[in-house]
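Engineer:
8 protein chains.
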Amino acid sequence: MKAAVIMGSKSDFEVLKKTINTLKYFGVDVTARVISAHRTPDEAHEFAKDAESSGYEVIIAAAGKAAHLAGVLAGNTALPVIGLPIKSSTMDGLDSLLSTVQMPEGIPVATVAINGAENAALLAVQILAVKYDVLKLKFKEYKAGLADKVRKADAELKAEVEGL
Amino acid sequence: MKAAVIMGSKSDFEVLKKTINTLKYFGVDVTARVISAHRTPDEAHEFAKDAESSGYEVIIAAAGKAAHLAGVLAGNTALPVIGLPIKSSTMDGLDSLLSTVQMPEGIPVATVAINGAENAALLAVQILAVKYDVLKLKFKEYKAGLADKVRKADAELKAEVEGL
Amino acid sequence: MKAAVIMGSKSDFEVLKKTINTLKYFGVDVTARVISAHRTPDEAHEFAKDAESSGYEVIIAAAGKAAHLAGVLAGNTALPVIGLPIKSSTMDGLDSLLSTVQMPEGIPVATVAINGAENAALLAVQILAVKYDVLKLKFKEYKAGLADKVRKADAELKAEVEGL
Amino acid sequence: MKAAVIMGSKSDFEVLKKTINTLKYFGVDVTARVISAHRTPDEAHEFAKDAESSGYEVIIAAAGKAAHLAGVLAGNTALPVIGLPIKSSTMDGLDSLLSTVQMPEGIPVATVAINGAENAALLAVQILAVKYDVLKLKFKEYKAGLADKVRKADAELKAEVEGL
Amino acid sequence: MKAAVIMGSKSDFEVLKKTINTLKYFGVDVTARVISAHRTPDEAHEFAKDAESSGYEVIIAAAGKAAHLAGVLAGNTALPVIGLPIKSSTMDGLDSLLSTVQMPEGIPVATVAINGAENAALLAVQILAVKYDVLKLKFKEYKAGLADKVRKADAELKAEVEGL
Amino acid sequence: MKAAVIMGSKSDFEVLKKTINTLKYFGVDVTARVISAHRTPDEAHEFAKDAESSGYEVIIAAAGKAAHLAGVLAGNTALPVIGLPIKSSTMDGLDSLLSTVQMPEGIPVATVAINGAENAALLAVQILAVKYDVLKLKFKEYKAGLADKVRKADAELKAEVEGL
Amino acid sequence: MKAAVIMGSKSDFEVLKKTINTLKYFGVDVTARVISAHRTPDEAHEFAKDAESSGYEVIIAAAGKAAHLAGVLAGNTALPVIGLPIKSSTMDGLDSLLSTVQMPEGIPVATVAINGAENAALLAVQILAVKYDVLKLKFKEYKAGLADKVRKADAELKAEVEGL
Amino acid sequence: MKAAVIMGSKSDFEVLKKTINTLKYFGVDVTARVISAHRTPDEAHEFAKDAESSGYEVIIAAAGKAAHLAGVLAGNTALPVIGLPIKSSTMDGLDSLLSTVQMPEGIPVATVAINGAENAALLAVQILAVKYDVLKLKFKEYKAGLADKVRKADAELKAEVEGL
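Residue numbers (the numbering used here), protein chains in the order written: chain A, 8 to 171; chain B, 8 to 171; chain C, 8 to 171; chain D, 8 to 171; chain E, 8 to 171; chain F, 8 to 171; chain G, 8 to 171; chain H, 8 to 171.
Right, here's the structure in full:
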């Protein structure tokens with residue numbers, strides 16, 4: 008099971024570390040690339056066209072501002088493409104979100120929250136888990152772990168509230 | 008291969024017909040349900056908890072306004088959940104979009120465009136196609152068909168422009 | 008008289024301290040909990056279903072981003088639920104506000120301002136005061152105190168303006 | 008048990024009929040008034056100041072555009088004030104929503120969805136039910152009725168989907 | 008010639024210093040007050056009702072969030088009221104702007120830019136200048152001064168650009 | 008007493024009829040002009056520069072989209088300029104509002120609500136009333152009339168509510 | 008002198024007729040095409056890469072929703088690309104505008120107003136006029152014509168205002 | 008080949024350095040000016056009217072808030088005007104963007120991204136390149152350089168990802 012994580016600019020890497028690490032945690036093979044829909048459009052086309060035959064089963068694309076990357080990749084592959092809108096220096100990520108999610112009929116992009124780096128990875132895992140039972144199991148454990156963290160925080164809160 | 012299409016209100020059915028018909032076109036078994044995250048929360052929990060053992064492999068959830076349905080289902084299942092924000096009578100769908108896509112860490116919702124009924128189905132097909140090769144093939148044909156329609160429109164345009 | 012303060016994440020506690028302290032100031036019994044609508048949905052359902060029989064008379068629910076917590080609790084209890092939208096790292100709280108306030112017909116959430124921690128508590132006090140006369144009195148004193156603070160600030164301003 | 012429904016303009020009455028009828032359905036005494044925070048400010052002050060001694064236990068205030076009515080009433084009474092933002096001819100109700108909900112510290116307004124006429128009434132009922140057990144019961148029946156409607160719609164959907 | 012500068016909270020004073028100083032520069036008598044539309048509504052009513060007979064000829068009202076102050080004052084006086092929306096900690100001032108400017112028919116508020124402290128004063132001067140010729144002259148000098156500053160900046164720029 | 012009503016496009020006249028008629032009702036001399044800040048910039052400059060010597064005492068400028076008209080006139084005259092943002096076919100008037108109200112330091116525009124045609128006129132009347140006592144009186148009568156209309160609507164409502 | 012007008016969907020043609028007719032009026036050779044950045048990405052790449060050698064000197068690209076077309080073309084050609092955001096059924100064109108204008112460093116798109124069909128053509132003419140003097144002249148005549156239309160409207164207004 | 012870079016305020020110079028340096032890199036003659044549409048409107052008119060005869064072939068205009076500068080210049084010249092919206096202290100640049108891009112029919116402004124300083128210069132280069140072949144060549148080299156930077160970042164990423 009193999010996923011590609013494509014970012015429009017290397018500056019997005021800070022946000023995407025969590026995506027890559029989460030995929031690795033689940034044992035998903037990850038290739039991370041910097042490919043710009045606008046500055047290296049040939050690479051973008053080529054990568055997307057070859058993605059399936061290269062063994063990728065899902066693609067995560069992260070970009071900011073007029074975030075065309077996920078849509079451009081989705082137009083050139085049949086694989087599911089997850090769009091991760093990156094918050095840039097203006098517009099608080101609204102531009103990235105709308106550019107990623109508002110895709111026209113025929114070419115969907117599975118969009119997650121602005122800067123939702125971990126969720127992009129988890130969605131990839133859920134998609135791969137449709138095929139790979141081992142991931143299904145591991146995802147459930149992960150989710151149970153999240154619930155435990157909430158329960159632990161709930162327990163800790165009690166003491167802190169009494170101390171108010 | 009089996010998908011569930013859940014809508015928060017029966018009034019969303021007008022939009023969702025396209026979703027259901029597209030899934031059927033691809034030979035995906037579809038169950039459509041009206042389940043409200045707020046008015047029938049037990050059904051929502053129960054449906055999501057049983058979804059995997061009932062044989063569903065992907066869930067599409069459509070809702071408007073404070074659209075919690077997709078997130079609530081995602082919280083109760085390990086299956087991938089596709090969120091379809093429905094435009095309601097105010098706010099032009101921005102409320103539905105933000106309520107669906109801005110999910111907190113741990114529980115992603117794969118969000119498509121506001122009223123993107125066909126894309127919700129196509130994304131489900133792409134996700135199922137990770138496992139089912141027959142869908143992969145059919146999706147590529149479908150996409151080729153979309154390209155042909157654009158090319159046909161391009162050809163027709165020529166005549167119309169000359170007639171201006 | 009007893010209120011519950013539920014937060015979707017322990018990180019919301021910084022904002023909610025004011026809510027809890029204000030309730031305590033009015034002599035309202037407060038239970039504070041971390042319960043996530045998405046990560047611990049069973050706890051959320053259970054808490055809400057048992058809230059009335061546990062003696063709670065009003066619930067305050069605080070959450071950010073796709074803030075479903077207040078709505079999910081409201082769907083599972085007949086008690087009035089006050090929604091407190093928390094500003095998160097993107098969208099300046101607009102996502103939290105719309106996710107909390109734009110509830111569909113049948114399940115209202117009494118929404119206060121983004122990060123309006125004190126007002127969430129005061130609204131709970133006003134609601135409880137419908138039943139408990141002692142709160143009615145205390146709330147009027149509190150309000151008179153607010154007015155006095157404004158009058159004091161008004162007096163201080165005079166000197167400062169002369170010093171300009 | 009007695010509620011006041013105040014509207015900033017008689018043109019809001021079309022939306023508010025549902026509010027008034029819902030309150031009546033629950034057996035709540037309703038007084039409906041047209042009082043403008045800006046055009047009849049004295050009436051607004053006077054009404055709010057006398058509301059409690061007149062026997063009102065909760066106030067619903069509906070207004071559009073720069074919707075100050077709920078806030079102005081809340082400033083002059085200790086009773087809980089429910090704000091109902093009305094969608095006007097521009098800005099899709101966003102102006103009304105923000106003007107109603109973003110109240111400063113000290114004076115909360117319990118805000119419901121834009122044009123959420125029924126929910127304004129239901130929230131009033133929930134608030135009154137803190138005191139009046141009869142309403143608690145009736146509200147639960149009402150909610151059960153809503154759930155039944157969803158279940159009926161769910162059943163009807165099955166037939167319609169088969170007919171696609 | 009006499010103007011009142013009313014702020015909803017003393018924390019607005021930092022922004023309003025420029026307003027007060029600009030009015031003083033033009034020789035306009037200024038009274039600055041902290042009056043809250045919600046926390047001291049009686050003072051707000053009273054001040055506005057007496058403003059004309061107290062000799063004020065124009066009122067500047069500054070407030071943030073659900074900024075009702077300008078509208079409330081305008082509802083209680085025939086004097087022109089200038090609204091100055093203050094940017095608060097969320098929503099980037101959009102809530103203050105819409106709450107101030109979107110006034111219903113009959114009660115206008117002359118709104119200036121978010122945090123436009125100097126412009127609020129200059130607009131007051133322009134309004135007073137309709138009556139007082141001395142202000143008309145001084146305002147033209149001030150405006151000429153602004154133009155000179157731009158021209159000076161333009162001259163300085165030349166050197167800096169050459170140094171690039 | 009004399010006011011100018013300038014519109015950026017003749018299509019704005021439908022909205023501005025109310026402005027003109029309200030000014031006439033108050034006995035203010037009105038000149039209405041179509042002058043475009045972009046298409047007839049010389050006329051705009053010239054009109055603004057001559058406005059004071061032509062006897063105008065206040066200017067109302069109405070425009071839509073990138074609504075520069077009010078700002079451009081304000082840059083060329085010392086008279087107070089009232090900006091009336093016109094709602095156009097996209098963006099619901101938000102573009103017009105921000106283009107009109109967000110003026111830089113030094114050149115204020117007294118902005119009223121989107122399509123607030125009557126309020127633009129009333130603000131002009133209030134400004135002129137600083138100088139002309141006859142207007143002060145008439146404006147108070149007008150305002151009293153508005154209050155009476157609200158009171159009449161309030162009385163009518165009673166019957167209609169009983170008929171529900 | 009030769010321009011290309013590319014639309015993402017044939018449904019945009021209604022808006023683009025004005026663009027094409029305006030270009031023809033100025034004697035610019037126009038080729039109009041339907042090419043989708045997502046559904047026919049190869050055609051989009053190919054067209055853009057060949058555009059210069061095919062004799063085009065400027066490209067107009069119109070698209071709605073997540074409007075990537077202009078950006079994608081700009082990424083594949085050195086020619087200036089004019090982006091025309093089309094208003095679609097949701098979000099009032101804000102999604103199209105932000106997707107078109109917020110381009111990352113290195114690949115600008117010359118964006119005009121939402122649905123600004125005529126302005127897209129006029130901007131193309133202005134760009135071509137840098138090279139072709141004949142267009143410079145014709146553009147000035149056109150602009151003079153616009154001014155005359157405003158002046159004529161101004162004259163007509165006089166009569167209509169008198170008739171109020 | 009000669010371009011003008013006009014800024015509404017000297018404080019915009021920090022952003023515009025990149026614009027000026029990029030133009031210089033391409034060998035374009037640059038004149039930079041501080042001219043305010045509102046504070047020095049005569050200079051703005053005059054500059055724009057003389058721009059063509061002064062040898063300018065393209066104008067870049069940068070301004071924030073109610074950013075009228077680009078539109079005002081465009082109204083007074085036949086040259087193509089590039090609008091660069093500057094982000095100011097409130098509204099995250101949305102006001103500047105809408106004020107710049109939403110121009111009425113007849114007077115386009117070629118708008119680039121908020122604070123898109125480099126892109127404003129590059130668009131000017133692309134426009135001049137329609138006429139000057141030397142720029143066409145240099146622009147292609149520049150674009151190739153951008154692609155190389157992306158490829159270099161892509162190569163560096165590989166090592167960093169392995170180090171995670």
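Idealized CB from N, CA, C, for every residue including glycine.
Against H:Val-41, what residues of chain E qualify as contacts under a CB-to-CB distance less than 7 Å, listed in chain order?
Structural biologist: Val-157, Ala-160, Asp-161 and Leu-164, listed in chain order.
Engineer: Would a check of beta-carbon distances place H:Asn-28 closer than 8 Å to chain A?
Structural biologist: For H:Asn-28, the answer is no, since every Cβ of chain A falls outside 8 Å of its Cβ.
Engineer: Tell me, please, whether the CB atom of F:Ala-33 is closer than 8 Å to any CB atom in chain G?
Structural biologist: Position check: residue 33 of chain F holds Phe in this sequence, whereas Ala was assumed. Not one chain G Cβ lies under 8 Å of F:Phe-33.
Engineer: Name the chain F residues that come within less than 7 Å of G:Asp-140, Cβ to Cβ?
Structural biologist: Chain F residues near G:Asp-140: none, gap ~23 Å exceeds 7 Å.
Engineer: Looking only at its chain, what residues have a beta carbon closer than 7 Å to the beta carbon of F:His-52, apart from the 5 residues adjacent to it on each side?
Structural biologist: Same-chain partners within the cutoff: Asn-83.
Engineer: Is the beta carbon of D:Leu-30 closer than 8 Å to that of C:Ala-117?
Structural biologist: No, Cβ-Cβ distance for C:Ala-117 and D:Leu-30 is not below 8 Å.
Engineer: To which residues of the same chain is G:Lys-128 closer than 6 Å at the C-beta, ignoring the five residues directly before and after it?
Structural biologist: The sequence shown places Ala at residue 128 of chain G, rather than the Lys named in the question. Closer than 6 Å at the Cβ level, and outside the excluded window around G:Ala-128, lie Thr-26, Thr-29 and Leu-30.
Engineer: Quick one: list the residues of chain H neighbouring G:Val-119, beta-carbon separation under 8 Å, in chain order.
Structural biologist: Going along chain H in sequence order, the residues near G:Val-119 (Cβ under 8 Å) are Val-108, Met-110, Pro-115, Val-116, Ala-117 and Thr-118.
Engineer: Residues of the region 45-72 of chain G in Cβ contact with chain A at a cutoff of 7 Å, in chain order, please.
Structural biologist: Going along the region 45-72 of chain G in chain order, one finds His-45, Arg-46, Pro-48, His-52 and Lys-72 with a Cβ nearer than 7 Å to chain A.
Engineer: Between the beta-carbon of D:Val-137 and the beta-carbon of D:Phe-146, is there less than 8 Å?
Structural biologist: Taking 8 Å as the Cβ cut-off, D:Val-137 and D:Phe-146 do not qualify as a contacting pair.
Engineer: Does D:Asp-36 pass the burial test, meaning 16 or more other C-beta atoms within 10 Å, or should it be called exposed?
Structural biologist: So D:Asp-36 ends up on the exposed side.
Engineer: Can you tell me whether F:Pro-48 is helix, strand or coil according to DSSP?
Structural biologist: In this structure, F:Pro-48 counts as helix in the three-state DSSP scheme.
Engineer: Ordered along the chain, which non-local residues of its own chain (more than five positions away) have a Cβ less than 6 Å from that of G:Leu-76?
Structural biologist: Contacts found: Gly-15, Ala-44, Ala-68 and Ala-70.
Engineer: Out of curiosity, what's the CA-to-CA distance linking E:Lys-156 and F:Val-79?
Structural biologist: Whole-angstrom Cα-Cα distance: 19 Å.
Engineer: I think D:Leu-153 touches B:Lys-17, with their Cβ atoms under 8 Å apart; what is that distance to the nearest whole Å?
Structural biologist: With a Cβ gap of about 13 Å, D:Leu-153 and B:Lys-17 do not count as contacting.
Engineer: Under 8 Å, do C:Met-92 and C:Ile-121 count as touching if we go by C-beta distance?
Structural biologist: Before going further, note that residue 92 of chain C is Pro rather than Met in the sequence given. Yes, they are a contact pair.
Engineer: For F:Ala-136, name the three-state secondary structure that DSSP assigns.
Structural biologist: Reduced to three states, the DSSP call for F:Ala-136 is helix.
Engineer: Specify, as a first and last residue, the run of the alpha helix (DSSP H) that B:Gly-82 falls within.
Structural biologist: B:Gly-82 -> alpha helix (DSSP H) spans 76-82.
Engineer: So for E:Ala-73, helix, strand or coil by DSSP?
Structural biologist: Coil, per DSSP.
Engineer: Note the first and the last residue of the continuous beta strand (DSSP E) segment covering C:Val-22.
Structural biologist: Per DSSP, C:Val-22 belongs to no beta strand (DSSP E); it is in the alpha helix (DSSP H), 20-32.
Engineer: Would you call the CB atoms of F:Val-65 and F:Gly-90 closer than 8 Å?
Structural biologist: Contact flag unset, no.
Engineer: DSSP has G:Thr-4 in a bridge; who is on the other side?
Structural biologist: The structure shown has nothing for residue 4 of chain G, since chain G only spans 8 to 171.
Engineer: Can you check which of these residues, A:Leu-171, A:Asp-140, A:Glu-167 and A:Ala-10, is closest to A:Val-88 by C-alpha distance?
Structural biologist: Ranking the options by Cα distance to A:Val-88, first place goes to A:Ala-10.
Engineer: Could you check the C-alpha separation between A:Val-119 and G:Ser-106 for me, to the nearest Å?
Structural biologist: Answer to the nearest angstrom: the Cα atoms are 17 Å apart.
Engineer: Among the candidates B:Phe-33, B:Leu-104, B:Ile-42 and B:Leu-101, whose CA atom is the shortest distance from the CA of D:Asp-161?
Structural biologist: Nearest of B:Phe-33, B:Leu-104, B:Ile-42 and B:Leu-101 to D:Asp-161, Cα basis: B:Ile-42.
Engineer: Over what stretch of residues does the beta strand (DSSP E) that includes D:Met-110 continue unbroken?
Structural biologist: Segment: none, D:Met-110 is in no beta strand (DSSP E) and carries neither H nor E.
Engineer: For the region 87-101 of chain F, which residues have a CB atom closer than 8 Å to at least one CB atom of chain G, in sequence order?
Structural biologist: Cβ contacts with chain G come from Ser-96, Thr-97, Met-98 and Asp-99.
Engineer: Can you check whether the CB of H:Thr-38 is closer than 8 Å to the CB of E:Gly-100?
Structural biologist: Not a contact, by the Cβ cut-off of 8 Å.
Engineer: Starting from the C-beta of D:Lys-143, find all residues in its chain whose C-beta is less than 6 Å away, skip the five residues before and the five after it, and write them out in chain order.
Structural biologist: Result list for D:Lys-143: Ala-136, in chain order.
Engineer: Ordered along the chain, which non-local residues of its own chain (more than five positions away) have a Cβ less than 6 Å from that of H:Ala-73?
Structural biologist: The residues are Ser-106.
Engineer: DSSP state of E:Gly-152, grouped into three classes?
Structural biologist: Reduced to three states, the DSSP call for E:Gly-152 is helix.
Engineer: Out of D:Tyr-32, D:Phe-20, D:Ile-13 and D:Val-12, state which residue places its alpha-carbon closest to the alpha-carbon of F:Glu-167.
Structural biologist: Among D:Tyr-32, D:Phe-20, D:Ile-13 and D:Val-12, the Cα nearest to that of F:Glu-167 belongs to D:Phe-20.
Engineer: Nearest CA to the CA of G:Ala-58: which residue from G:Arg-158, G:Met-110, G:Pro-48 and G:Ala-81?
Structural biologist: Checking every option, the nearest Cα to that of G:Ala-58 belongs to G:Ala-81.
Engineer: Could you tell me the distance, in whole angstroms, from the CA atom of B:Ile-13 to the CA atom of A:Leu-104?
Structural biologist: One C-alpha to the other measures close to 24 Å.
Engineer: Note down, in chain order, each residue of its chain lying with its Cβ closer than 6 Å to the Cβ of D:Ile-114, except the 5 sequence neighbours on either side.
Structural biologist: The answer, listed in chain order, is Ala-81 and Gly-82.
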